[in-house]
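Student: So for the sequence shown, the numbering used here puts the first residue at 42; every next one is plus one.
Each residue gets a CB set at the ideal place from its N, CA and C atoms; glycine is no exception.
These figures come from a predicted structure and were not determined experimentally.
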Amino acid sequence: MSNHFDLSGRVAVITGAARGIGLATAERLADAGADIAIVDMDEPAALAAAQSIEKRGKKAIACAIDLTDEHAVIDMTDEVCAKLGGYDILVCAAGIVGRNAFGWDTSVEEWRKVLDVNLTALWLCNREALRPMRKQNRGRIVNIASIAGKEGNPKLGPYSASKAGVIGMTKSLAKEVADTDIRINSVAPAVIQTPMLDQVSQETIDYMVSKIPVGRTGTTAEVAALVHYLASDECGFSTGACFDISGGRATY
Ligand SMILES: NC(=O)c1ccc[n+]([C@@H]2O[C@H](COP(=O)([O-])OP(=O)(O)OC[C@H]3O[C@@H](n4cnc5c(N)ncnc54)[C@H](O)[C@@H]3O)[C@@H](O)[C@H]2O)c1
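1) In chain order, what residues of the same chain lie with their CB nearer than 6 Å to the CB of Ala-265, ignoring the 5 residues before and after it?
2) Who does Phe-284 pair with in a DSSP beta bridge?
3) Using a threshold of 8 Å, state whether the C-beta atoms of Leu-108 and Ala-135 are closer than that.
4) Quick one: measure Cβ to Cβ for Leu-165 and Val-218, integer angstroms, because I've assumed they're closer than 8 Å.
5) So, with DSSP's three-state summary, where would you put Arg-257?
6) Terminal residues of the continuous alpha helix (DSSP H) containing Ala-71?
7) Taking the alpha carbon of Thr-292 as the reference point, which residue from Lys-252, Ala-282, Thr-258 has its own alpha carbon closest?
8) Need the endpoints of the beta strand (DSSP E) that Asn-167 sits in, please.
9) Does Val-6 come out as helix, strand or coil in the three-state DSSP assignment?
10) Quick one: what's got a C-beta closer than 6 Å to Ser-242's C-beta in the same chain, skipping five residues either side?
11) Buried or exposed: where does Pro-236 fall if 16 or more other Cβ atoms within 10 Å of its Cβ makes it buried?
12) Could you tell me the distance, in whole angstroms, from the CA atom of Gly-206 to the CA atom of Arg-290?
13) Compute the minimum distance between the beta carbon of Met-82 and the heavy atoms of ligand 3, and state whether it is under 7 Å.
14) Taking the C-alpha atoms as reference points, what is the distance between Thr-294 and Ala-89?
15) Please tell me whether, using a cut-off of 7 Å, the distance from the CB of Ser-187 to the nearest non-hydrogen atom of ligand 1 is below it.
16) Report yes or no: is there a C-beta of chain B within less than 8 Å of the C-beta of Asp-83?
17) Closer than 7 Å: is that where the CB of Gly-63 sits relative to any heavy atom of ligand 1?
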C-alpha cells in the first residue's frame, strides 16, 4: 500500500492558487495525482499556474473570478464539475490582509472588505462545494485560517476576526456533514514566506517572527504538505479541527 496519500482520480479546487500557499498546494496535490482547478481573480497568473500544472502531467483549468461574487462562485462550481468530471477536494487559500491600522483608525469599508473576502467568500465556496460532495457523500475541504484567528495580531483586527470566523465556521459546517465521508478542517499558519507579506509592514513581520519559537518563517511547501494529508482519504477521523502550523507559536 502506498504511503504517499494518493489522490489519483480526484479533482481538487484551490482558491487563491495563482501564487503563494495556494499555488504550492496545487502543485503538491497535482503531484499526488489530482486534476486541478486554479481559482483566482488574477487572470494572467491563474492561467500561468494552470499551465504549470499541465506540465506536471495533470489536467488543469483556470477560473478567473472574484470570489466575493456569489453567482461567479456558483458558476465556477458547475464549470469544475463539467470540465474536470467531478469535485472531490476544496482548498480555500484566497485571502487579503487589509491595511495595517489600529482598530480605532479602521473604517467600516475596510472592515467589510476583509470580512467579505476572507470569511463570506470562503463560506460561499464551502457551501457550493457541498452540493456535489453531499450528492456523492464524500469530499475533503481545507480552509486556510491563521494563527491571527487564535491569538489576534495588533493592527490586523479585521484580518484576525475573519480568520477566527473561518475556524468557527469550519467547526460548525464539519459537524453538519460528519455522518458522511465529508471532512472539513482548517489550518492555522504563522507567518509563511509568500507574496502576501508584501502587504504587511516590516514591523508587523518582525513582531510575528519574534513570537515563533522555531525562530523563522514557514515555507509554502510545509503548509502544502499538511493540506495534502487533510485532503486525502487517510484523513478520516479528524473533522472540524484547526491544525497548527506555527513553528510552536500557538499555545492552544
Ligand atoms: N503568508 C502568510 O504568512 C500567511 C499566514 C497565515 C495565513 N495565511 C493565509 O493563507 C492564505 C494564502 O496566503 P498567501 O500568503 O499565499 O497569499 P497571497 O497573497 O500570496 O495569495 C493570495 C491569492 O488570493 C487571491 N485573491 C485574493 N482575493 C481574491 C478574491 N476576492 N477572489 C479571487 N482571488 C482572490 C489573490 O489574487 C492571490 O493570488 C490566505 O488566506 C492567508 O490569509 C497566510
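Tutor: In brief:
1) Counting from 1 along the sequence shown, the entry for residue 265 is found at position 224. Ala-65, Thr-66, Arg-69, listed in sequence order.
2) What you label residue 284 is simply residue 243 of the sequence shown in a count that begins at 1. DSSP output for Phe-284 lists Val-228 as bridge partner(s).
3) Sequence index remark: in the sequence shown, residue 108 carries index 67 (1-based). Sequence index remark: in the sequence shown, residue 135 carries index 94 (1-based). Closer than 8 Å, so yes.
4) Counting from one through the sequence shown, the residue named residue 165 turns up at place 124. Counting from one through the sequence shown, the residue named residue 218 turns up at place 177. In this structure, Leu-165 and Val-218 do not form a Cβ contact; the two beta carbons are roughly 16 Å apart against a cut-off of 8 Å.
5) Your numbering for residue 257 matches position 216 in the sequence shown. Coil.
6) By one-based count along the sequence shown, residue 71 stands at place 30. Start and end: 61-72.
7) In the sequence shown, counting from the first residue as 1, residue 292 sits at position 251. With distances taken between Cα atoms, Thr-292 lies closest to Lys-252.
8) Along the sequence shown, read from residue 1 onward, the residue named residue 167 stands at position 126. Segment 162-177 is the alpha helix (DSSP H) holding Asn-167; no beta strand (DSSP E) there.
9) The shown model of the chain, from 42 to 293, leaves out residue 6, and the question about it has no answer.
10) Position 201 of the sequence shown holds residue 242. For Ser-242, where only same-chain residues beyond five positions count, the Cβ hits under 6 Å are Asn-141.
11) The residue given as residue 236 occupies position 195 in the sequence shown. With fewer than 16 Cβ atoms within 10 Å of its Cβ, Pro-236 is classed as exposed.
12) On the sequence shown, residue 206 is found 165 positions in, with the first residue counted as 1. On the sequence shown, residue 290 is found 249 positions in, with the first residue counted as 1. Roughly 20 Å separates the two Cα atoms.
13) Questions concerning ligand 3 fall outside what the structure shown contains, since the ligands it does hold are ligand 1.
14) Not covered by the structure: residue 294. The range shown for the chain is 42 to 293.
15) Numbered from its first residue, the sequence shown carries residue 187 at position 146. Yes, the beta carbon of Ser-187 sits closer than 7 Å to at least one heavy atom of ligand 1.
16) Absent here is chain B; the protein component of the structure consists of one chain.
17) Along the sequence shown, one-based indexing puts residue 63 at 22. Yes, the Cβ of Gly-63 comes within 7 Å of a heavy atom of ligand 1.
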